[in-house]
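Accompanying notes for the structure given below.
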Amino acid sequence: MNYHIRIEGHLDLQWADWFDGLLITHEASGDTLLSGPVVDQAALYGLLCKVRDLGITLISVARVELGQGDESC
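Counting from 191, one number per residue, gives the positions in the sequence shown under our numbering.
Okay, structure coming up:
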């Protein structure tokens, strides 16, 4: 499955490897979109724990089907 995880603020691009290679996109709104494939629910939970551990505000999590305007996956 592919996911979009939106967080508050601009996350430095150096964190890409720590977030399992998800694409980091800085949005004009000042938020960051993490996007890409996540192998299962356990991996998704692990990513969300990383967001929590960094003290970053989570805005949204959405599963995205390929072909629904998700150019990053």
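C-beta: ideal position from N, C-alpha, C; glycine also.
Query, Result
"Is the separation between the beta-carbon of Arg196 and that of Val251 shorter than 9 Å?", "yes"
"Spell out the partners DSSP gives Thr215 in its beta bridges.", "Leu223"
"Which residue marks the beginning of the beta strand (DSSP E) containing Val241, and which one marks its end?", "Note, Val241: premise wrong, no beta strand (DSSP E); alpha helix (DSSP H) at 231-243."
"Following the continuous beta strand (DSSP E) through Leu248, name the residue where it begins and the one where it ends.", "248-254"
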